[in-house]
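To start, the structure itself, in structure tokens.
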Amino acid sequence: MVDILHKVGIPSSTAEVYTALTTVEGLAGWWTTNTRGVGDGLGGVLQFRFAAGGFDMKVLELDPGRRVLWEVVDGPDEWIGTQVDWRLAQVDDYAVVLFSHRGWKEPVDFMHHCSTKWAVYLLSLKSLIETGKGAPHPHDVKIDSWD
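Take 1 as the starting number for the sequence shown in the UniProt record's numbering and just add one per residue.
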């Protein structure tokens, strides 16, 4: 198994970041404008849609200001059964986000694409918190023909 790992610091509180990860409005502000579902309750399912397809995530764990854990229950075969883990820590004036997308079976081309796109979206999350404006799909940075 292989994982995608990223870290970003955001001058804010972990509570603000947690809200952006657990509310439809917050998620639509940085990942994709076409976001639906329930992200603030265990067992809730979030639906994220993009021009090329989408993902459904089941909420497995919520620890306010500290952790959000999703499992991919629908989407591309490579994503099914993987977990998206958001660990938050307050370090001085920064909310530090340790992101992992765990459980990929092998490092296929699509994983490389997704790793870069996760970095793009983490910067969109950072921008949303810092400025009030993210760059969610379809306004995100395009990196290749899969966008």
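The C-beta atom is built at its ideal place from N, Cα and C for all residues, glycine as well.
The closest CA to that of Asp77, considering only Ala89, Leu88, Gly103, is found on Gly103. Our two residues, Val38 and Asp109, have alpha carbons roughly 31 Å apart in a direct line.
Taking 8 Å as the upper bound for CB-CB distance, Val8 and Val97 are in contact here, some 5 Å apart. DSSP, reduced to helix, strand and coil, places Asp40 outside both helices and strands of the structure shown, so it counts as coil.
With respect to the 7 Å criterion, Leu46 and Leu60 are not classified as neighbours on the basis of their beta carbons. Non-local beta-carbon contacts of Asp92 in its own chain, meaning distances under 8 Å to residues more than five positions away in sequence, are absent. In the structure shown, the three-state DSSP call for Lys58 is strand. For Asp93, no beta strand (DSSP E) segment is defined, and its DSSP state is neither H nor E. Counting along the chain, the unbroken alpha helix (DSSP H) around Trp118 starts and ends at 109 to 131. The alpha-carbon separation between Ala52 and Asp147 amounts to approximately 7 Å. Here Gly43 is exposed, its C-beta having fewer than 16 other C-beta atoms within 10 Å. By the criterion of a C-beta distance shorter than 6 Å, Ser100 is surrounded in its chain by Asp3, Leu5, Asp85, once the five residues flanking it on both sides are discounted.
Note that the C-beta distance between Gly29 and Leu128 is below 7 Å.
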